[in-house]
Amino acid sequence: MRIIRGPGGVRAYLRSAPGTYVWLAILFVTTVALHHMSPEFEQHFLRQRSTNIHELSRNPVRVLVASAMWIDSGHWIPYAALYTVFHAPAERWLGTARWLAACALAHVLATLASEGALLLAIRDGIAPHSAVNTLDVGVSYALAGVIGVLTYRIATPWRYAYLLAVLALFGLSLAVGRSFTELGHFVSVLIGLACYPLARCRGKAWNPKETLAALRG
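Numbering (this note's numbering), first residue to last: 4 to 220.
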């Protein structure tokens, strides 16, 4: 287990997952910027950076990148905790390039899947046509994808308990919420699980039993 001692230890810890903490720094800046906007302007501003059907049909690359740089909830601290718990260990384990590939695959493919489902719902009259302009920004699809790929970081039999918990959490959320966003989260987890080739040969899997034994001395 990594023990942080003093400022030097903190700097070394941050440098061990540069992509995670650069991304968090960007999210901090953009979140502060949102807090200085009026509610009306904020909605207009975020909608232009949203991966909704309207914006994806006009400039898909721009909005797919831009949407991952904003948090529509305006709460940065919970994401700082989640990034530290999930993204940072994944980046240290996979390496920055592979971690970023997993994030991008989950973010892009889950966005296209969820918005595609919404488009079908609009065409079938299940959802209103105004849903083409739905506000859809954030980093949760990439986070869910990383949560999925971290399954391979854990040794068996603990891996199966983790996988069951993840599928139950996101599956229940989809069953209860039944929204295109919850569909995107569940698809993201599946994409993370499909990223096994990125996780292959990345060292010994983490065994919670060994960690507990080490803590007990």
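All C-beta atoms, glycine included, are put in the ideal place defined by N, C-alpha and C.
Can you tell which of 160, 43, 186, 159 has the C-alpha that lies nearest to the C-alpha of residue 172?
-> 186
Skipping 5 residues on each side, what residues in its chain have a beta carbon closer than 7 Å to that of residue 49?
-> 73, 75, 138, 140
If you measure from the CB of residue 174, is any heavy atom of the ligand NAP nearer than 8 Å?
-> For the ligand NAP, the structure offers nothing, since it holds no ligand at all.
Report the option in 23, 117, 175 whose CA atom is closest to the CA atom of residue 96.
-> 23
Beta-carbon proximity check, residue 191 vs residue 109, cutoff 9 Å | yes
Nearest to residue 29 (by Cα), restricted to the options 71, 183, 103, 209 = 71
Where does residue 157 sit, in a helix, a strand or coil, going by DSSP?
-> strand
Confirm, please, whether the CB-CB distance from residue 26 to residue 142 is below 9 Å.
-> yes
Can you tell me which of 205, 111, 58 puts its alpha carbon nearest to the alpha carbon of residue 188?
-> 111
Rounded Cβ spacing between residue 209 and residue 157 (contact assumed at less than 8 Å) = 6 Å
Should residue 32 be labelled buried (16 or more other beta-carbon atoms within 10 Å of its own) or exposed?
-> exposed
Any 3 or more C-beta pairs closer than 8 Å across the region 126-133 and the region 193-209 = no
Where residue 209 sits in the DSSP three-state scheme | strand
Give the straight-line distance between the Cα atoms of residue 122 and residue 60, rounded to the nearest whole angstrom.
-> 11 Å
According to DSSP, is residue 6 helix, strand or coil?
-> Model confidence at residue 6 stands at a pLDDT of 46, short of 50, so the residue's coordinates are unreliable; what they give is reported in the following sentence. Of the three classes helix, strand and coil, the one that applies to residue 6 here is coil, per DSSP.
Residue of 146, 176, 155, 12 minimising C-alpha distance to residue 88 | 146
To which residues of the same chain is residue 176 closer than 6 Å at the C-beta, ignoring the five residues directly before and after it?
-> 185
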